[in-house]
Amino acid sequence: MSKVNDLLFNRLKQKFTKMTELAEISSKGNLSSFSGVFKVSPLSPQEKEDLEALLHNYKSESQYQIDDDLQHLSSLTSEIKAINNQAAILHGERIQKAQNILKKYRDGAFSAWLVNTYGNRQTPYNFLQYYEFYLQLSPKLHPKLDEMPRQAVYTLASRDAPFEKKEEILKSYNGETKNEVLKLIRKTFPLDDRDGRREDLGDQAIIALKKLEELFNERRFRPTDKQKETILALVQELLSKVQA
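Numbered according to numbering that gives the first Met the number 0, the sequence shown spans residues 0 to 243.
Pasting the structure below:
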(Lines of atoms letter the chains of each structure in order from A and count residues from 1; the text may use other names and numbers.)
(Lines give C-alpha, C1' and ligand atoms only; values in the text may rest on other atoms or scores of the structure.)
Protein backbone atom coordinates (compact mmCIF):
# COMPACT_ATOMS: atom_id res chain seq x y z
CA MET A 1 0.00 0.00 0.00
CA SER A 2 2.87 2.33 0.83
CA LYS A 3 4.33 1.78 -2.65
CA VAL A 4 1.01 2.80 -4.23
CA ASN A 5 0.89 5.92 -2.08
CA ASP A 6 4.46 6.81 -3.03
CA LEU A 7 3.64 6.35 -6.72
CA LEU A 8 0.57 8.58 -6.49
CA PHE A 9 2.53 11.18 -4.55
CA ASN A 10 5.29 11.29 -7.18
CA ARG A 11 2.75 11.67 -10.01
CA LEU A 12 0.98 14.49 -8.21
CA LYS A 13 4.32 16.14 -7.53
CA GLN A 14 5.26 15.96 -11.23
CA LYS A 15 1.92 17.48 -12.26
CA PHE A 16 2.30 20.25 -9.68
CA THR A 17 5.82 21.00 -10.93
CA LYS A 18 4.56 21.17 -14.52
CA MET A 19 1.72 23.50 -13.50
CA THR A 20 4.19 25.71 -11.67
CA GLU A 21 6.41 25.91 -14.77
CA LEU A 22 3.43 26.81 -16.96
CA ALA A 23 2.34 29.46 -14.48
CA GLU A 24 5.82 31.02 -14.61
CA ILE A 25 5.79 31.01 -18.42
CA SER A 26 2.31 32.54 -18.43
CA SER A 27 3.35 35.30 -16.05
CA LYS A 28 6.07 36.24 -18.53
CA GLY A 29 3.54 36.41 -21.37
CA ASN A 30 5.01 33.48 -23.29
CA LEU A 31 2.18 30.99 -22.84
CA SER A 32 -0.45 30.54 -25.54
CA SER A 33 -2.92 27.82 -26.46
CA PHE A 34 -0.20 26.38 -28.67
CA SER A 35 2.28 25.62 -25.86
CA GLY A 36 3.18 21.97 -25.92
CA VAL A 37 0.59 21.20 -28.61
CA PHE A 38 1.79 22.51 -31.98
CA LYS A 39 5.25 22.98 -33.42
CA VAL A 40 5.18 26.52 -34.75
CA SER A 41 7.80 27.35 -37.38
CA PRO A 42 8.65 30.98 -38.17
CA LEU A 43 7.55 32.38 -41.51
CA SER A 44 10.07 32.52 -44.31
CA PRO A 45 11.49 35.93 -45.31
CA GLN A 46 9.35 35.83 -48.47
CA GLU A 47 6.19 35.13 -46.48
CA LYS A 48 6.96 38.02 -44.16
CA GLU A 49 7.54 40.31 -47.14
CA ASP A 50 4.20 39.23 -48.63
CA LEU A 51 2.37 39.99 -45.38
CA GLU A 52 4.06 43.37 -45.07
CA ALA A 53 3.15 44.21 -48.67
CA LEU A 54 -0.45 43.19 -47.97
CA LEU A 55 -0.69 45.51 -44.97
CA HIS A 56 0.86 48.40 -46.90
CA ASN A 57 -1.51 47.87 -49.83
CA TYR A 58 -4.64 47.83 -47.67
CA LYS A 59 -3.81 50.28 -44.88
CA SER A 60 -5.92 53.42 -44.57
CA GLU A 61 -4.52 56.91 -44.98
CA SER A 62 -4.54 57.44 -41.21
CA GLN A 63 -2.38 54.37 -40.57
CA TYR A 64 1.32 55.12 -40.36
CA GLN A 65 2.72 52.26 -38.29
CA ILE A 66 2.04 48.63 -39.12
CA ASP A 67 4.90 47.01 -37.17
CA ASP A 68 2.73 45.71 -34.32
CA ASP A 69 0.07 44.43 -36.70
CA LEU A 70 2.72 42.75 -38.83
CA GLN A 71 4.19 41.01 -35.80
CA HIS A 72 0.81 39.76 -34.58
CA LEU A 73 -0.35 38.75 -38.06
CA SER A 74 2.91 36.85 -38.62
CA SER A 75 2.37 34.94 -35.38
CA LEU A 76 -1.22 34.11 -36.29
CA THR A 77 -0.19 32.98 -39.77
CA SER A 78 2.52 30.73 -38.31
CA GLU A 79 0.03 29.23 -35.87
CA ILE A 80 -2.53 28.57 -38.61
CA LYS A 81 0.15 26.85 -40.69
CA ALA A 82 1.05 24.73 -37.65
CA ILE A 83 -2.60 23.74 -37.22
CA ASN A 84 -2.82 22.73 -40.88
CA ASN A 85 0.41 20.73 -40.71
CA GLN A 86 -0.69 18.86 -37.60
CA ALA A 87 -4.15 18.28 -39.06
CA ALA A 88 -2.66 16.67 -42.17
CA ILE A 89 -0.64 14.28 -40.01
CA LEU A 90 -3.64 13.39 -37.83
CA HIS A 91 -5.80 12.81 -40.91
CA GLY A 92 -3.09 10.73 -42.59
CA GLU A 93 -2.54 8.57 -39.52
CA ARG A 94 -6.22 7.68 -39.28
CA ILE A 95 -6.63 7.15 -43.02
CA GLN A 96 -3.71 4.70 -42.96
CA LYS A 97 -5.33 2.77 -40.09
CA ALA A 98 -8.62 2.64 -41.99
CA GLN A 99 -6.76 1.43 -45.09
CA ASN A 100 -5.22 -1.44 -43.10
CA ILE A 101 -8.64 -2.46 -41.77
CA LEU A 102 -10.29 -2.38 -45.20
CA LYS A 103 -7.55 -4.47 -46.86
CA LYS A 104 -9.49 -7.52 -45.64
CA TYR A 105 -12.47 -6.51 -47.75
CA ARG A 106 -13.11 -6.60 -51.49
CA ASP A 107 -11.43 -4.14 -53.86
CA GLY A 108 -13.00 -0.72 -53.74
CA ALA A 109 -13.86 -0.77 -50.04
CA PHE A 110 -11.16 1.76 -49.16
CA SER A 111 -12.11 4.12 -52.01
CA ALA A 112 -15.78 3.88 -51.04
CA TRP A 113 -14.91 4.71 -47.43
CA LEU A 114 -12.85 7.74 -48.54
CA VAL A 115 -15.72 9.12 -50.61
CA ASN A 116 -18.22 8.40 -47.84
CA THR A 117 -16.03 10.13 -45.24
CA TYR A 118 -14.49 13.03 -47.20
CA GLY A 119 -16.79 13.42 -50.18
CA ASN A 120 -13.91 12.78 -52.60
CA ARG A 121 -10.76 10.69 -52.89
CA GLN A 122 -8.12 13.29 -53.74
CA THR A 123 -8.14 15.15 -50.42
CA PRO A 124 -7.67 12.06 -48.21
CA TYR A 125 -5.10 10.60 -50.60
CA ASN A 126 -3.13 13.83 -50.24
CA PHE A 127 -3.28 13.49 -46.46
CA LEU A 128 -2.16 9.86 -46.64
CA GLN A 129 0.78 10.60 -48.93
CA TYR A 130 1.80 13.54 -46.76
CA TYR A 131 1.73 11.32 -43.66
CA GLU A 132 3.71 8.49 -45.29
CA PHE A 133 6.31 10.95 -46.56
CA TYR A 134 6.48 12.51 -43.10
CA LEU A 135 7.18 9.11 -41.51
CA GLN A 136 10.01 8.40 -43.95
CA LEU A 137 11.80 11.66 -43.20
CA SER A 138 14.35 12.24 -40.49
CA PRO A 139 12.84 14.31 -37.63
CA LYS A 140 15.44 16.97 -38.47
CA LEU A 141 13.65 17.57 -41.78
CA HIS A 142 10.16 17.91 -40.30
CA PRO A 143 10.53 21.71 -39.88
CA LYS A 144 11.44 21.93 -43.59
CA LEU A 145 8.32 19.98 -44.44
CA ASP A 146 6.25 22.40 -42.35
CA GLU A 147 7.75 25.37 -44.20
CA MET A 148 7.18 24.09 -47.75
CA PRO A 149 3.84 25.03 -49.39
CA ARG A 150 1.31 22.27 -48.76
CA GLN A 151 0.36 21.68 -52.41
CA ALA A 152 4.04 21.32 -53.27
CA VAL A 153 4.48 18.71 -50.52
CA TYR A 154 1.47 16.74 -51.79
CA THR A 155 2.90 16.75 -55.30
CA LEU A 156 6.39 15.80 -54.12
CA ALA A 157 5.11 12.99 -51.90
CA SER A 158 2.96 11.52 -54.70
CA ARG A 159 5.77 11.30 -57.25
CA ASP A 160 6.94 7.79 -58.12
CA ALA A 161 10.62 8.55 -57.61
CA PRO A 162 13.50 7.48 -55.33
CA PHE A 163 12.97 8.77 -51.81
CA GLU A 164 16.51 10.19 -51.70
CA LYS A 165 15.79 12.40 -54.72
CA LYS A 166 12.59 13.73 -53.17
CA GLU A 167 14.46 14.32 -49.93
CA GLU A 168 17.04 16.41 -51.82
CA ILE A 169 14.32 18.75 -53.09
CA LEU A 170 13.00 19.17 -49.56
CA LYS A 171 16.49 19.88 -48.20
CA SER A 172 17.09 22.50 -50.89
CA TYR A 173 13.87 24.39 -50.10
CA ASN A 174 14.64 27.97 -49.13
CA GLY A 175 11.36 29.85 -49.02
CA GLU A 176 10.45 29.57 -52.71
CA THR A 177 6.82 30.10 -53.71
CA LYS A 178 4.41 27.24 -54.37
CA ASN A 179 4.64 27.70 -58.14
CA GLU A 180 8.44 27.76 -58.07
CA VAL A 181 8.61 24.52 -56.10
CA LEU A 182 5.98 22.83 -58.27
CA LYS A 183 7.93 23.81 -61.38
CA LEU A 184 11.08 22.25 -59.92
CA ILE A 185 9.25 19.05 -58.95
CA ARG A 186 7.66 18.68 -62.39
CA LYS A 187 10.99 19.31 -64.08
CA THR A 188 12.85 16.85 -61.84
CA PHE A 189 10.14 14.17 -61.87
CA PRO A 190 8.16 14.59 -65.13
CA LEU A 191 4.99 12.52 -65.37
CA ASP A 192 4.62 9.86 -68.01
CA ASP A 193 2.52 10.93 -71.01
CA ARG A 194 -0.04 8.27 -70.06
CA ASP A 195 -0.33 9.49 -66.47
CA GLY A 196 -3.77 10.97 -65.81
CA ARG A 197 -2.24 13.65 -63.59
CA ARG A 198 -0.19 15.09 -66.44
CA GLU A 199 -1.45 18.56 -67.27
CA ASP A 200 -2.70 19.31 -70.77
CA LEU A 201 -1.31 22.80 -71.33
CA GLY A 202 -3.83 23.49 -74.08
CA ASP A 203 -6.70 22.81 -71.69
CA GLN A 204 -5.00 24.93 -69.04
CA ALA A 205 -4.75 27.81 -71.51
CA ILE A 206 -8.45 27.53 -72.36
CA ILE A 207 -9.42 27.58 -68.67
CA ALA A 208 -7.23 30.64 -68.07
CA LEU A 209 -8.75 32.49 -71.05
CA LYS A 210 -12.29 31.72 -69.89
CA LYS A 211 -11.44 33.23 -66.51
CA LEU A 212 -10.11 36.31 -68.30
CA GLU A 213 -13.33 36.57 -70.30
CA GLU A 214 -15.32 36.53 -67.05
CA LEU A 215 -13.07 39.29 -65.72
CA PHE A 216 -13.61 41.40 -68.84
CA ASN A 217 -17.39 41.04 -68.40
CA GLU A 218 -17.28 42.48 -64.90
CA ARG A 219 -18.96 45.88 -64.58
CA ARG A 220 -15.97 47.20 -62.67
CA PHE A 221 -13.64 46.37 -65.56
CA ARG A 222 -12.74 49.81 -66.92
CA PRO A 223 -9.11 49.76 -68.10
CA THR A 224 -7.27 52.98 -68.83
CA ASP A 225 -6.05 53.76 -72.34
CA LYS A 226 -2.55 52.65 -71.38
CA GLN A 227 -3.89 49.38 -69.95
CA LYS A 228 -5.91 48.80 -73.13
CA GLU A 229 -2.75 49.18 -75.23
CA THR A 230 -0.91 46.65 -73.06
CA ILE A 231 -3.82 44.19 -73.18
CA LEU A 232 -4.13 44.46 -76.96
CA ALA A 233 -0.39 43.93 -77.38
CA LEU A 234 -0.57 40.78 -75.25
CA VAL A 235 -3.59 39.52 -77.21
CA GLN A 236 -1.71 40.02 -80.49
CA GLU A 237 1.27 38.16 -79.07
CA LEU A 238 -0.96 35.28 -77.98
CA LEU A 239 -2.62 35.14 -81.41
CA SER A 240 0.74 34.93 -83.15
CA LYS A 241 1.77 32.01 -80.91
CA VAL A 242 -1.52 30.15 -81.44
CA GLN A 243 -1.34 30.59 -85.23
CA ALA A 244 2.34 29.63 -85.45
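Each residue gets a CB set at the ideal place from its N, CA and C atoms; glycine is no exception. Only a predicted model underlies this, so the values are computations on that prediction, with no experimental measurement involved.
Limits of the alpha helix (DSSP H) - the one that K103 falls within: The sequence position of residue 103 within the sequence shown is 104, counting from 1. Looking at the DSSP string, K103 is not in any alpha helix (DSSP H), and its letter there is neither H nor E.
Per-residue DSSP class, three states only, for A243: Position 244 of the sequence shown, counting from 1, holds the residue named residue 243. Three-state DSSP puts A243 in coil, outside helix and strand.
Pairwise C-alpha distance: S157 and P111: On the sequence shown, position 112 is the one that residue 111 refers to. On the sequence shown, position 158 is the one that residue 157 refers to. One point to set straight first is that residue 111 is Ala, not Pro, in the sequence displayed. C-alpha separation (whole angstroms): 21 angstroms.
Residue range of the unbroken alpha helix (DSSP H) whose run includes L140: Mapped onto the sequence shown, residue 140 falls at position 141. Per DSSP, L140 belongs to no alpha helix (DSSP H) and is neither H nor E.
Beta-carbon gap between K177 and Q203 smaller than 9 angstroms: One-based indexing of the sequence shown puts residue 177 at position 178. One-based indexing of the sequence shown puts residue 203 at position 204. No, these two residues do not count as a Cβ contact at 9 angstroms.
Beta-carbon proximity of L69 to E92, cut-off 9 angstroms: In the sequence shown, residue 69 corresponds to position 70, counting from 1. In the sequence shown, residue 92 corresponds to position 93, counting from 1. No. Outside cutoff.
Alpha helix (DSSP H) runs contained entirely in the segment 111 to 172, provided each spans 4 or more residues: 121 to 135, 141 to 146, 149 to 157, 162 to 171
K27 classed as buried or exposed, judged by whether at least 16 other C-beta atoms fall within 10 angstroms: On the sequence shown, position 28 is the one that residue 27 refers to. Residue confidence for K27 is low, a pLDDT of 42 falling below 50, so the modelled location carries little weight and cannot support an answer.
Neighbourhood of I94 by C-beta, 8 angstroms cutoff - its chain only, sequence neighbours within 5 removed: Position 95 of the sequence shown, counted from the start, is the residue given in the question as residue 94. Closer than 8 angstroms at the Cβ level, and outside the excluded window around I94, lie L113, P123, F126, L127, Y130.
Bounding residues of the alpha helix (DSSP H) (the contiguous stretch that carries R185): For the purposes of this step, residue 185 is identified with residue 186 of the sequence shown, where counting begins at 1. Unbroken alpha helix (DSSP H) run through R185: 177 to 187.
Contact the segment 53 to 65 vs the segment 77 to 90: 3+ CB pairs below 8 angstroms: no
Among L208, A160, T223, the one whose alpha carbon lies nearest that of F248: With the chain covering 0 to 243 only, the question about residue 248 has no answer from this structure.
Cβ-Cβ separation, Y172 to K139 (assumed contact under 8 angstroms), whole Å: On the sequence shown, residue 139 is found 140 positions in, with the first residue counted as 1. On the sequence shown, residue 172 is found 173 positions in, with the first residue counted as 1. At roughly 14 angstroms, the Cβ-Cβ gap does not stay under 8 angstroms, so K139 and Y172 are not in contact.
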